[in-house]
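The listed protein sequences derive, respectively, from chains A and B.
Numbering-wise, my numbering comes out as the position in the first sequence, counting from 1, plus 399.
Numbering-wise, my numbering comes out as the position in the second sequence, counting from 1, plus 4.
What follows is a single structure, written as structure tokens, with notes after it.
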Amino acid sequence: MDKVVKGPGGTGGVDLHQTLDDINSTMESFLETASVDRVYGAPIEVGSTVIIPTAENLVIMGFGAGSGYGSADFENDEGDSPPGEGTGEGGGGGGGGGGRTLSRPVAVVIVSPEGVRVEPVADRTKVIMAAITAVGFVAGMFLRMSRGPRSL
Amino acid sequence: MGKKILVQQTSAGEPVDVNGLTVYPVARSYRINMPGARGGIVWNRPLAVIVEDADGTRQILPVIDRTRQLQIAIFSAGFIGTMLTWLIFRKSRKPAQKEK
């Protein structure tokens, strides 16, 4: 039995370079999120006052790609298998990725004839959720401790 | 040389001219590169605005994240409250157990 396994010959059918290019272009877009323009919005003019909204953003992203290729030539097979000759080749590849962007307002910059001030924006929902969680922890501990030691 | 795992960057944006004042927005970003993988995390937040008047006097106004401050304060209070509850009950329980 004579088995020859060839390396990648460029006939795999899956263009890995294209996949990598796509990933690289997406990565460049991802890195662009670390810019000032993503944090400060376009100035809004209201009469003689200009308002600049600001936001915090968090971008999480991940990619992966891989490919494989194999080839085999069979000539003059001996032994239990019937003699014959043939070629076989195969290739495969794939990639995947995912990401998420989280953004929330932080403050507004107000530029008026009186001067410049930064007004913070408080997200009530987040604050209330934090308060409920904190009270829940205290109440949970209170209930746990007031029950007394558990007996088996 | 490999990529840095944590990259911090502070950058200023395009200035905005209003009422004779020039406002420079400043942001800070943290980028975490996953070693051995494509991707990562970018956290980008406003840091401050620099206000320059016609005289060239500069003033730095920090951008305060009130939501984050409140969250930290509430979670800290919750943690302290939980620990105090545990300590108070633990102390009051110990003498009762000793009597038995």
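Positions of the beta carbon are idealized from the N, C-alpha and C atoms, including for glycine.
Note that the structure is predicted; figures quoted are calculated from it, not measured.
**Message:** Let me check understanding here. Comparing Cα to Cα, which of 59(B), 51(B), 55(B) and 89(B) lies closest to residue 455(A)?
**Reply:** Here the question's residue 455(A) lines up with position 56 in the first sequence. Per the Cα distances, 51(B).
**Asked** Does the Cβ-Cβ distance between residue 54(B) and residue 64(B) come in under 8 Å?
**Response** Position 50 of the second sequence, counted from the first residue, corresponds to residue 54(B). Position 60 of the second sequence, counted from the first residue, corresponds to residue 64(B). Yes, Cβ-Cβ distance for residue 54(B) and residue 64(B) is below 8 Å.
**Asked** If we count Cβ pairs, one from each stretch, closer than 8 Å, do we get three or more for the region 21-36 of chain B versus the region 499-515 of chain A?
**Response** yes
**Item:** Alpha carbon of residue 501(A) to alpha carbon of residue 87(B), nearest angstrom
**Value:** The residue you call residue 501(A) lines up with position 102 of the first sequence. The residue you call residue 87(B) lines up with position 83 of the second sequence. Going from the Cα of residue 501(A) to the Cα of residue 87(B) covers about 32 Å.
**Message:** Just to confirm the assignment, what range does the beta strand (DSSP E) spanning residue 511(A) have?
**Reply:** As a first step, residue 511(A) is located in the first sequence; it is residue number 112 there, counting from the start. For residue 511(A), the enclosing beta strand (DSSP E) starts and ends at 485-511.
**Request:** Note down the Cα distance separating residue 405(A) from residue 470(A), rounded to an integer number of angstroms.
**Result:** For the purposes of this step, residue 405(A) is taken as the residue at position 6 of the first sequence. For the purposes of this step, residue 470(A) is taken as the residue at position 71 of the first sequence. Reliability of the predicted coordinates at residue 405(A) is poor, the pLDDT of 44 falling under 50, and no value is obtained from them.
**Message:** Contact criterion: CB-CB distance below 8 Å. Does residue 60(B) meet it with respect to chain A?
**Reply:** Counting from one through the second sequence, the residue named residue 60(B) turns up at place 56. With 8 Å as the cut-off, residue 60(B) does not count as an interface residue toward chain A.
**Request:** Within the region 428-459 of chain A, note down every full beta strand (DSSP E) run reaching 3 residues or more, in order along the chain.
**Result:** 443-445
**Collapsed DSSP secondary structure at residue 411(A) in the structure displayed** = In the first sequence, residue 411(A) corresponds to position 12, counting from 1. With a pLDDT of 48 at residue 411(A), under the threshold of 50, the modelled position of that residue is not reliable, and the figure given next carries that caveat. Three-state DSSP puts residue 411(A) in coil, outside helix and strand.
**Prompt:** Roughly how many angstroms separate the alpha carbons of residue 74(B) and residue 521(A), rounded to a whole number?
**Reply:** Numbered from 1 along the second sequence, position 70 holds the residue referred to as residue 74(B). Numbered from 1 along the first sequence, position 122 holds the residue referred to as residue 521(A). Cα to Cα, the separation comes out at about 8 Å.
**Asked** For the 8 Å Cβ check, are there 3 or more pairs between the region 441-450 of chain A and the region 56-63 of chain B?
**Response** In the pairwise beta carbon analysis, the region 441-450 of chain A is classified as not touching the region 56-63 of chain B: fewer than three pairs are separated by under 8 Å.
**Given residue 148(B) as reference, the closest of 40(B), 46(B), 69(B) and 42(B) once Cα atoms are compared** = Lying before the first or after the last residue shown, residue 148(B) is absent from chain B, which here runs from 5 to 104.
**Prompt:** So, using beta-carbon positions, are residue 494(A) and residue 43(B) closer together than 8 Å?
**Reply:** Here the question's residue 494(A) lines up with position 95 in the first sequence. Here the question's residue 43(B) lines up with position 39 in the second sequence. No, they are not a contact pair.
**Item:** Cα-Cα separation, residue 411(A) to residue 467(A)
**Value:** What you label residue 411(A) is simply residue 12 of the first sequence in a count that begins at 1. What you label residue 467(A) is simply residue 68 of the first sequence in a count that begins at 1. Reliability fails at residue 411(A), whose pLDDT of 48 lies under 50, so the model's placement of it is uncertain and no value is given.
**Request:** Give every residue of the same chain whose Cβ lies closer than 8 Å to the Cβ of residue 505(A), excluding the five residues on either side of it in the sequence, and list them in chain order.
**Result:** Indexing the first sequence from 1 puts residue 505(A) at position 106. Cβ within range, chain order: 453, 454, 455, 519 and 520.
**Message:** Given this structure, state the Cα-to-Cα distance separating residue 458(A) from residue 498(A), to the nearest angstrom.
**Reply:** In the first sequence, residue 458(A) corresponds to position 59, counting from 1. In the first sequence, residue 498(A) corresponds to position 99, counting from 1. In a straight line, the C-alpha of residue 458(A) is about 7 Å away from that of residue 498(A).
**Message:** residue 66(B) and residue 435(A) - do their beta-carbons sit closer together than 8 Å?
**Reply:** Translated into positions along the first sequence, residue 435(A) becomes position 36. Translated into positions along the second sequence, residue 66(B) becomes position 62. Going by C-beta atoms, residue 435(A) is not nearer than 8 Å to residue 66(B).
**Asked** Whose CA, out of 97(B), 84(B) and 93(B), lies closest to the CA of residue 536(A)?
**Response** Within the first sequence, numbered from 1, the residue matching residue 536(A) stands at position 137. Closest by alpha carbon: 84(B).
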